[in-house]
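Chains A and B, in that order, are what the protein sequence lines are.
Sequential numbering from 688 applies to the first sequence in this note's numbering.
Sequential numbering from 688 applies to the second sequence in this note's numbering.
Protein chains: 2
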Amino acid sequence: MSIRTLKVGMLGCGNVGSGVAQLLSEHADDLAARVGARLELAAVGVRDLARARAHVDPAILTDDLESLVNREDLDLIIEVMGGVEPARSLLLAAMANGKSVVTANKTLLAEDGIALYDAAEKFGVDLYYEASVAGAIPLLRPVRESMAGDQIERILGIVNGTTNYILTRMDEAGTSFADALKEATDLGYAEADPTADIEGFDAAAKAAILAGLAFHSRVTALDVYREGISHITADDVASAKAMDHVVKLLAIAELTADDRVSVRVHPALLPRNHPLAAVREAYNAVFVEARAAGELMFYGRGAGGIPTASAVLGDLVAVARHRVFGGLGSRESDYAARQIATIGEATTRYHIRLDVADLPGVLAAVAQAFAHNGVSIQTVRQEGHGNEAELVVVTHSAIESALAATVSQLRSMDIVRNVASVIRVEGGNR
Amino acid sequence: MSIRTLKVGMLGCGNVGSGVAQLLSEHADDLAARVGARLELAAVGVRDLARARAHVDPAILTDDLESLVNREDLDLIIEVMGGVEPARSLLLAAMANGKSVVTANKTLLAEDGIALYDAAEKFGVDLYYEASVAGAIPLLRPVRESMAGDQIERILGIVNGTTNYILTRMDEAGTSFADALKEATDLGYAEADPTADIEGFDAAAKAAILAGLAFHSRVTALDVYREGISHITADDVASAKAMDHVVKLLAIAELTADDRVSVRVHPALLPRNHPLAAVREAYNAVFVEARAAGELMFYGRGAGGIPTASAVLGDLVAVARHRVFGGLGSRESDYAARQIATIGEATTRYHIRLDVADLPGVLAAVAQAFAHNGVSIQTVRQEGHGNEAELVVVTHSAIESALAATVSQLRSMDIVRNVASVIRVEGGNR
């Protein structure tokens, strides 16, 4: 039986793009059977024509990206170049030309996804982006489609492999942050400039995308409170370990009691028996709490050329099938139009380490400072160090603003030498 | 804005059906926004009209199920009655009448899914069944759609909560099988007749459905090799523990070296650091190994009325959107038409406990029996008991038929008092 051919154009051909080209070639017959049409990689747009590209015929390379997205003969466009511009203009032009698009571009979607979603709607094309969050893990389709009959209440995600590798080494080998980062760099898990990973920018973009989908509201990267892991010390990790917790960088999106969206990225202590605590090294996992489904978790590789290409190809099959059989995928929706809560309104538990004078009455005075600000203490652990002592306080759930006021009061007290660290505690019941 | 209403008929109103009715009512506004039409539960077919049904208006109850699926005014049919007949005839009639259907019926799909898939194709309607495997966990949609650009190589699933609860208790509390089963029954995790769960019939149905989707071939429950957990003893679990493994009932579907499908359900030892090993009590999880994506895991509640209803509703939203906006979901495909390998051809590792005479030369004789049948030994552990000893042998990967011949030879040896148990070992590299 002879079947039609759909022509695919690809913008970018780095690590993920090469993976896409490789899978398109290796799985060609299976893809044809699943789509009902052959998929032909017909054009690849790159900046540097001189560089050799594995799995790509040099004859289809071009550095004229504008012309590529305007080519009449191309049916579908894949964007794996990253960054906001020119990716945004190119995708908008492709959709205006009636082409369905698949992108892995978290930065663009978190900054200006709404413009893209609106264009897909306006021009009646598909916009798919499973690869933009948590790489190979099927996550956006389950959240958007499988859970469409449910109400998501909270998402806790380990969505950055670099920081999870660093925190795993700090937990398992007692390494310092600096040494663990160096190891991650040597292994290729961290980039030469690791800022986007270790300061949480990468995770914040993914948190924005997830929060928008889960809560049917508009959420951008600017709405995400963000705190990285560079201030996490070996002492913090050891203190977490002493209470059977691990430190993880979490992307959190949750509904507040008054139905607003709290979306934030920060390090947090998790109980060691929480399913996310067992997610080691560069793996990613996303834990979802839904009203009816209860607790779900999605686990896998969050990065890497070939794993991420798997997600791109899954999307490509879907949009290609729509070309063959008709129909369009689910749309983003912002019908709920929920407001974003500020970080000051976020409610969570806290783990606070204080260096205090080892004098009678210190614990009472510290406890009084918490009580004064309406923050209830769950446990206190005291360890002496000569004439100083360390107090480790874990609170019950408290509003961030009340905790901040407490810390500020503690800092003003003579008997408190230093507030060594304040880290949130997640993963328990509220 | 006034939007149209889609009328839904439901067959069955037990635990899951009541959950569906409850969610349809509680989430009505959200569902309308997500579907683009209101969903009205307009008819519910039950066997016993006299029984009160929570969340269901008695006026829409009927015991005439044939008439229900023929009603012109119903757009969509949900089937949560279970069993092969009359569910099969009713679903076939509904599809012949142009109604898209959502079912949670694993038994029917595993026995005769092909008739249903063919009817959906023939009549141009949707047939969705996410709830049939692993309850609330979004699994079939990711396997079928998200991974459509990849090649699945193996699936290892904990897909039965009853047996996982029993095995968790045996592992954590050293309980006997009988006591753990009694606990599961008291807690409502096991039914009065627990055969379908503990002998692996429930898991085998799910394995057939998963294997068919993953490998694009026709697989029925009859193709699944099945072994339950009722012969697992506290000694087996303790022996697994001594080598840092846990015993789990696994549903396994994998490609053999010659591209056939091996599909089986049996207890197996898993290394304690395998992601599935941490799945406790009645939770389910499915671990997927794909060529490009690598290792993925999907975790959550595998049963329960409300969690399972969440999966039914997700499907209902999808098929309802197709009614509103056009299009149809992905179809099952059997283009690969792979053959099923017999259990004798399955390749895995084995954990074998032998009671032997505590005499010099026993280990050599036992090792010779393995070597004679071409089964390579990885480790042997010997523990003395007076003038008897226990040998625990763990093999490298071997063909099931070679292992069976080895066991048969061991049984014939005078120095072997008893082959106490043979359990497969999974979750390592081949």
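Built from N, CA and C at the ideal position, the CB exists for glycine as well.
As the structure is a computational prediction, the values presented were derived from the model and not from experiment.
Q | Opposing strand residues paired with threonine 692 (chain B) [DSSP bridges] | A | B:Arg725
Q | Cβ contact (3+ pairs, closer than 8 angstroms) linking the region 812 to 825 of chain B and the region 789 to 798 of chain B | A | yes
**Q.** First through last residue of the beta strand (DSSP E) which encompasses glutamate 1042 (chain A)
**A.** Sequence check: residue 1042 (chain A) is aspartate here, not glutamate. Counting along the chain, aspartate 1042 (chain A) sits inside the beta strand (DSSP E) bounded by residues 1034 to 1044.
Q. Using a beta-carbon distance below 8 angstroms, is methionine 1122 (chain B) in contact with chain A?
A. Since the first residue of chain B shown is 688 and the last is 1117, residue 1122 (chain B) is not available in this structure.
Q | Closer than 7 angstroms: histidine 903 (chain B) CB and nearest the ligand SAM heavy atom | A | As for the ligand SAM, it is missing from this structure, which has no ligand bound.
**Q.** Near-chain A residues of the region 969 to 982 of chain B - C-beta to any C-beta below 9 angstroms
**A.** Tyr970, Ala972, Phe974, Val975, Ala977, Arg978, Ala979, Ala980, Gly981 and Glu982
Q. What three-state label does DSSP hand leucine 755 (chain B) in the structure shown?
A. helix
Q. At what residues does the beta strand (DSSP E) containing histidine 1072 (chain A) begin and finish?
A. 1064 to 1072
Q: Mind reading off the beta-carbon distance from glycine 987 (chain A) to glycine 981 (chain B)? Whole number of angstroms is fine, and I expect it under 8 angstroms.
A: 7 angstroms
Q | Start and end residues, beta strand (DSSP E) containing arginine 951 (chain B) | A | 948 to 958
Q. How close, in whole Å, do the beta carbons of phenylalanine 810 (chain A) and glycine 848 (chain A) come, if the pair is a contact with beta carbons under 8 angstroms?
A. About 35 angstroms; that fails the 8 angstroms criterion.
(Q) Quick check on DSSP: helix, strand or coil for glutamate 1087 (chain B)? (A) Glutamate 1087 (chain B) falls in the helix class under three-state DSSP.
Q. Checking contacts by CB at 8 angstroms: is glutamine 838 (chain B) closer than that to chain A?
A. yes
Q) Less than 8 angstroms separating the beta-carbons of arginine 951 (chain A) and alanine 892 (chain A)? A) no
(Q) Between which residues of its own chain and leucine 1046 (chain B) is the CB-CB distance below 8 angstroms, once the five residues before and five after are set aside? (A) Ile1102
Q: Can you say whether arginine 1117 (chain A) is buried or exposed, counting buried as having 16 or more other CB atoms within 10 angstroms of its CB?
A: Because arginine 1117 (chain A) sits at a pLDDT of 47, beneath the cut-off of 50, its placement in the model cannot be relied upon, and the following sentence gives the value as read from the coordinates. With fewer than 16 other Cβ atoms within 10 Å, it is exposed.
Q. Relative to the C-alpha of glutamate 772 (chain A), which residue among A:Leu761, A:Leu796 and A:Ala783 is closest?
A. A:Leu796
Q: Tell me where the beta strand (DSSP E) around methionine 782 (chain A) begins and ends.
A: Segment 774 to 783 is the alpha helix (DSSP H) holding methionine 782 (chain A); no beta strand (DSSP E) there.
Q | Boundaries of the beta strand (DSSP E) in which valine 789 (chain A) is found, first to last residue | A | 787 to 790
Q | According to DSSP, residues forming a beta bridge with phenylalanine 1192 (chain B) | A | What is shown of chain B runs 688 to 1117, which leaves residue 1192 (chain B) out entirely.
Q.
Since valine 695 (chain A) and leucine 728 (chain A) should fall inside the 8 angstroms C-beta cutoff, what is the C-beta to C-beta distance between them, to a whole number of angstroms?
A. Contact between valine 695 (chain A) and leucine 728 (chain A) is confirmed by a C-beta separation of about 5 angstroms, below the 8 angstroms threshold.
Q. Would you report the Cα separation of valine 999 (chain B) and isoleucine 1039 (chain A), rounded to the nearest angstrom?
A. 44 angstroms
Q) What alpha helix (DSSP H) runs, 4 residues minimum, are completely inside the region 787 to 820 of chain A? A) 793 to 810
Q: Flag this pair as yes or no: are the beta carbons of valine 911 (chain B) and valine 948 (chain B) separated by less than 8 angstroms?
A: no
Q: Determine the burial state of asparagine 971 (chain B): buried for a count of at least 16 other Cβ atoms within 10 Å of its Cβ, exposed for fewer.
A: So asparagine 971 (chain B) ends up on the buried side.
Q | Reduced DSSP category for serine 656 (chain B) - H, G, I as helix; E, B as strand; rest coil | A | Absent from the model: residue 656 (chain B). The displayed extent of chain B is 688 to 1117, so no value can be given.
Q. Listed in chain order, which residues of the region 704 to 715 of chain A have Cβ atoms closer than 8 angstroms to some Cβ of chain B?
A. Under the 8 angstroms Cβ criterion, the region 704 to 715 of chain A contributes Gly706, Leu710 and His714.
Q. Who pairs with methionine 697 (chain B) in a beta bridge, going by DSSP?
A. According to DSSP, which records beta bridges pairwise, methionine 697 (chain B) is partnered with B:Val731 and B:Ile765.
Q.
Would glutamate 1113 (chain B) and isoleucine 939 (chain B) qualify as a contact pair, given that the criterion is a beta-carbon distance under 8 angstroms?
A. The answer is yes: Cβ separation under 8 angstroms.
Q: Would you please verify whether the beta carbon of arginine 1117 (chain B) is less than 8 angstroms from any beta carbon of chain A?
A: Only weak support exists for where arginine 1117 (chain B) lies, its pLDDT of 47 falling under 50; the coordinates are left without a value.
Q) When the Cα of proline 958 (chain A) is compared with those of A:Thr995, A:Gly887, A:His1009 and A:Arg1036, which residue comes out closest? A) A:Arg1036
(Q) Using a 10 Å radius around the Cβ and a threshold of 16 neighbouring Cβ atoms, would you call proline 825 (chain B) buried or exposed? (A) buried
Q. How about alanine 1005 (chain A) and glutamate 832 (chain B): do their beta carbons lie closer than 8 angstroms?
A. Going by C-beta atoms, alanine 1005 (chain A) is nearer than 8 angstroms to glutamate 832 (chain B).
Q. To the nearest angstrom, how far is it from the Cα of serine 1020 (chain A) to the Cα of threonine 1082 (chain B)?
A. 54 angstroms
Q: Could you please give the first and the last residue of the uninterrupted beta strand (DSSP E) stretch that includes valine 1080 (chain B)?
A: From DSSP, the beta strand (DSSP E) with valine 1080 (chain B) extends over 1075 to 1082.
Q) Going by beta carbon distance, what residues of the same chain come within less than 8 angstroms of alanine 885 (chain B), once the five residues before and after it are set aside? A) It should be pointed out that residue 885 (chain B) corresponds to isoleucine in this sequence rather than to alanine. Closer than 8 angstroms at Cβ, skipping near neighbours: Thr849, Thr850, Ile853, Leu868, Ala877, Gly915, Ile916 and Ser917.
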